[in-house]
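What follows is a set of notes on a single structure, which appears directly below.
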Amino acid sequence: MSAQPFGSGVPLVIDTSAWNRQREPEVRARWESTVSAGLLANCPVAALEILAATRDEGEFTVVEETLAALPQAPVGAAVGQTALAACRELGARRRIPAVDYLIAAAATERGFGVLHADRHFELLASVLGFETVRIS
Numbered sequence: 847m848s849a850q851p852f853g854s855g856v857p858l859v860i861d862t863s864a865w866n867r868q869r870e871p872e873v874r875a876r877w878e879s880t881v882s883a884g885l886l887a888n889c890p891v892a893a894l895e896i897l898a899a900t901r902d903e904g905e906f907t908v909v910e911e912t913l914a915a916l917p918q919a920p921v922g923a924a925v926g927q928t929a930l931a932a933c934r935e936l937g938a939r940r941r942i943p944a945v946d947y948l949i950a951a952a953a954t955e956r957g958f959g960v961l962h963a964d965r966h967f968e969l970l971a972s973v974l975g976f977e978t979v980r981i982s
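For the numbering used here, count along the sequence shown from 1 and bump the result up by 846.
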């Protein structure tokens with residue numbers, strides 16, 4: 847019997863924190879089900895973080911091709927404005943990495959959720975209204 851995909855059925859932008867946990871035994875089956883269902887998405891901001899951690903050119907190429915094959919949540923001017931609005935709304939609670947604001951805003955703009963293992967996304971979801979799925 848295969849595992850259930852992560853989330854409710856909307857595409858999920860992969861945060862680096864989720865990417866780094868995909869091979870863990872308790873995550874692997876659901877990750878693979880989510881991939882098979884076509885429900886993982888890429889954001890160029892997260893891709894930069896993920897690719898920066900590759901060990902060599904061979905791994906870089908494989909990861910880059912893997913991420914490029916996924917549905918995309920691009921980052922343009924509207925995403926930047928959404929991220930800034932979220933930062934403004936969060937006020938004193940806004941000590942969140944800029945990358946996370948942009949990933950969340952890119953997901954919001956496309957109607958996607960975010961797959962993560964990072965507590966910042968719950969706070970961002972409370973302001974932006976995207977689906978947040980935490981790998982625990």
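Think of the CB as a built atom: it goes at the ideal place given N, C-alpha and C, for glycine as much as any other residue. Since the structure is predicted, the reported quantities are computational estimates derived from the model, not experimental observations.
Since I believe residue j is in contact with residue i (beta carbons under 8 Å), could you give me their beta-carbon distance rounded to a whole number of angstroms?
i, j, result
"residue 980", "residue 963", "6 Å"
"residue 959", "residue 853", "6 Å"
"residue 961", "residue 860", "6 Å"
What does a CB cutoff of less than 6 Å around residue i pick up in its chain, not counting 5 residues either side in sequence?
i, result
"residue 917", "857 and 887"
"residue 848", "879"
Ordered along the chain, which non-local residues of its own chain (more than five positions away) have a Cβ less than 7 Å from that of residue i?
i, result
"residue 939", "969"
Judging by CA-CA distance, which residue of the options is the nearest neighbour of residue i?
i, options, result
"residue 977", "909, 927, 848 and 855", "855"
"residue 925", "910, 912, 913 and 944", "944"
"residue 942", "966, 850 and 859", "966"
"residue 930", "947, 920 and 889", "947"
"residue 850", "975, 921 and 876", "876"
Which first and last residues belong to the beta strand (DSSP E) in which residue i is found?
i, result
"residue 926", "Not the beta strand (DSSP E): residue 926 falls in the alpha helix (DSSP H), residues 923-936."
"residue 959", "959-962"
"residue 980", "978-980"
Need the endpoints of the alpha helix (DSSP H) that residue i sits in, please.
i, result
"residue 954", "944-956"
"residue 896", "890-898"
Can residue i and residue j be called in contact, C-beta distance under 8 Å?
i, j, result
"residue 896", "residue 928", "no"
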